[in-house]
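Heads up, this note's numbering is the position in the sequence shown plus 4, with the first residue counted as 1.
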Amino acid sequence: MKNPSVILVVASFLVIVLHQKAPEELRYPFTETGGVVDTYFDTTIADPYRWLEDDYSNATKAWVSRQNAFTNSYMRRIPFRRKIEKRLTEIWNYPSQGMPFKKGDKYYYYKNDGLQNQSVMYVQDTPNTAGKVFLDPNTFSSDGTIALGGTYFSHDHKYMGYSINIAGSDWQEFYVMDLETGEILPDHLTWVKFSGMSWRGNGFYYKKYPTPDENAELSATNEHAKVFYHKLGTPQDADELIFYDPETPKISPNVNVTDDGRFLFLYRSAGTYGNSLSFRDTKVFQDSWTPIVDDFNSNFWILDHIEGQLIAQTDRNAPLKKIVRIDPSKPQEEYWETLIAGTKEEVLSSV
Numbered sequence: 005m006k007n008p009s010v011i012l013v014v015a016s017f018l019v020i021v022l023h024q025k026a027p028e029e030l031r032y033p034f035t036e037t038g039g040v041v042d043t044y045f046d047t048t049i050a051d052p053y054r055w056l057e058d059d060y061s062n063a064t065k066a067w068v069s070r071q072n073a074f075t076n077s078y079m080r081r082i083p084f085r086r087k088i089e090k091r092l093t094e095i096w097n098y099p100s101q102g103m104p105f106k107k108g109d110k111y112y113y114y115k116n117d118g119l120q121n122q123s124v125m126y127v128q129d130t131p132n133t134a135g136k137v138f139l140d141p142n143t144f145s146s147d148g149t150i151a152l153g154g155t156y157f158s159h160d161h162k163y164m165g166y167s168i169n170i171a172g173s174d175w176q177e178f179y180v181m182d183l184e185t186g187e188i189l190p191d192h193l194t195w196v197k198f199s200g201m202s203w204r205g206n207g208f209y210y211k212k213y214p215t216p217d218e219n220a221e222l223s224a225t226n227e228h229a230k231v232f233y234h235k236l237g238t239p240q241d242a243d244e245l246i247f248y249d250p251e252t253p254k255i256s257p258n259v260n261v262t263d264d265g266r267f268l269f270l271y272r273s274a275g276t277y278g279n280s281l282s283f284r285d286t287k288v289f290q291d292s293w294t295p296i297v298d299d300f301n302s303n304f305w306i307l308d309h310i311e312g313q314l315i316a317q318t319d320r321n322a323p324l325k326k327i328v329r330i331d332p333s334k335p336q337e338e339y340w341e342t343l344i345a346g347t348k349e350e351v352l353s354s355v
């Protein structure tokens, strides 16, 4: 005799299956194909969707609109979507605050009430006094598409520069605030990318790429970057060119400055790993950069300088990393002095 429990389970399963609705067939928007074909070294490669790379064309805009409408119509029909939204709102809705940091005689920190798109920057006179809103990036735009990038305080703590990114773009715009008055200065720099502000004197160094052609902001190549010095109160087109090498358009340069403004460091990178490093000592007139590392086979960055000696961290010939001291008058590698070296048991991670 067959087990009645097994029969009941099988029957119940069949009832459930028979009452299940068949999966809805999704009718994806039609995407046209083109006849673009490229030949590389006698190899033919079809690229039927090349036309979609023109993100400003009417055809691409219409395609994006159809895709968004299709996706949104599907998402709206998900029966448990509101439950997920409700639960995520519950677990995300709590206040958070970052570690305070001191600049000049003020203390700053970031705080989020729980559901703000971006954390708000606060300032306080002492660790025990109440903070007040210093910079709220949520007010940059009504639709939340403008994000705060980095903040950069001048060494005399009179000014703070900050960058913004619009709609997730890598392009940055720079602004400068007077810390005493809270006034945003007229200095507004555009077409900046992958750059910070490195303050020295009454201005700062930054990296700029060529202004792209109209409607090419998102497709322009990251080539021919230049380092400029911007003096406060002057227009951007009057900025001083500090470094540009037209022979290596794909190399990305950046300039950093020691806190006392004495040494300028030129970092150059060819990719995500490795950089070259050169410097200028402003106490000694130099019309050119003195190399410390002239290739891209290692990571190398300056930590500080003590009594004219450079302190650096590197993984050059040291996979576990090391801290070295460099005499600017003899910057060649054979004269470096190792201060701390990583070991098999301990990898040097940071200083």
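Even glycine gets a Cβ: it sits at the ideal position worked out from N, Cα and C.
On the criterion of 16 or more Cβ atoms from any shown chain inside 10 Å, does residue i qualify as buried, or is it exposed?
| i | result |
| --- | --- |
| residue 146 | exposed |
| residue 158 | buried |
| residue 131 | exposed |
| residue 38 | exposed |
| residue 125 | buried |
| residue 243 | buried |
| residue 20 | Any reading at residue 20 needs caution, since the residue's pLDDT is 49, under 50, leaving its predicted position unreliable; the model's value is listed next. So residue 20 ends up on the exposed side. |
| residue 103 | exposed |
| residue 279 | buried |
| residue 288 | exposed |
| residue 202 | buried |
I need the straight-line Cα distance from residue i to residue j, nearest angstrom please.
| i | j | result |
| --- | --- | --- |
| residue 305 | residue 317 | 6 Å |
| residue 332 | residue 282 | 10 Å |
| residue 309 | residue 108 | 21 Å |
| residue 356 | residue 167 | The shown model of the chain, from 5 to 355, leaves out residue 356, and the question about it has no answer. |
| residue 149 | residue 90 | 23 Å |
| residue 343 | residue 67 | 59 Å |
| residue 200 | residue 62 | 36 Å |
| residue 382 | residue 121 | No answer is possible for residue 382: the residues shown for the chain start at 5 and end at 355. |
| residue 95 | residue 82 | 21 Å |
| residue 153 | residue 173 | 11 Å |
| residue 161 | residue 204 | 12 Å |
Can you tell me where the beta strand (DSSP E) holding residue i begins and where it ends?
| i | result |
| --- | --- |
| residue 355 | Segment: none, residue 355 is in no beta strand (DSSP E) and carries neither H nor E. |
| residue 124 | 124-128 |
| residue 66 | Where residue 66 is concerned, there is no enclosing beta strand (DSSP E), although the alpha helix (DSSP H) it sits in stretches over 62-80. |
| residue 139 | 136-139 |
| residue 330 | 326-330 |
| residue 42 | 41-44 |
| residue 154 | 150-157 |
Which stretch, first to last residue, makes up the alpha helix (DSSP H) that contains residue i?
| i | result |
| --- | --- |
| residue 92 | 85-96 |
3-residue-minimum beta strand (DSSP E) runs that sit fully inside the stretch 264-321, ordered along the chain: The qualifying runs are 267-273, 279-285, 294-297, 304-310 and 313-318.
Contact between the stretch 181-197 and the stretch 234-242 (3+ Cβ pairs under 8 Å): Touching, per the Cβ criterion.
Stretch pair the stretch 110-123 + the stretch 137-154: three plus CB contacts closer than 8 Å: Yes, they touch.
Length-filtered (4 minimum) alpha helix (DSSP H) runs lying within the stretch 168-197: Taking only runs of at least 4 residues, no alpha helix (DSSP H) segment lies wholly in the stretch 168-197.
At least 3 beta-carbon pairs within less than 8 Å: the stretch 251-267 vs the stretch 221-229: Yes: the two stretches touch, three or more of their Cβ pairs being nearer than 8 Å.
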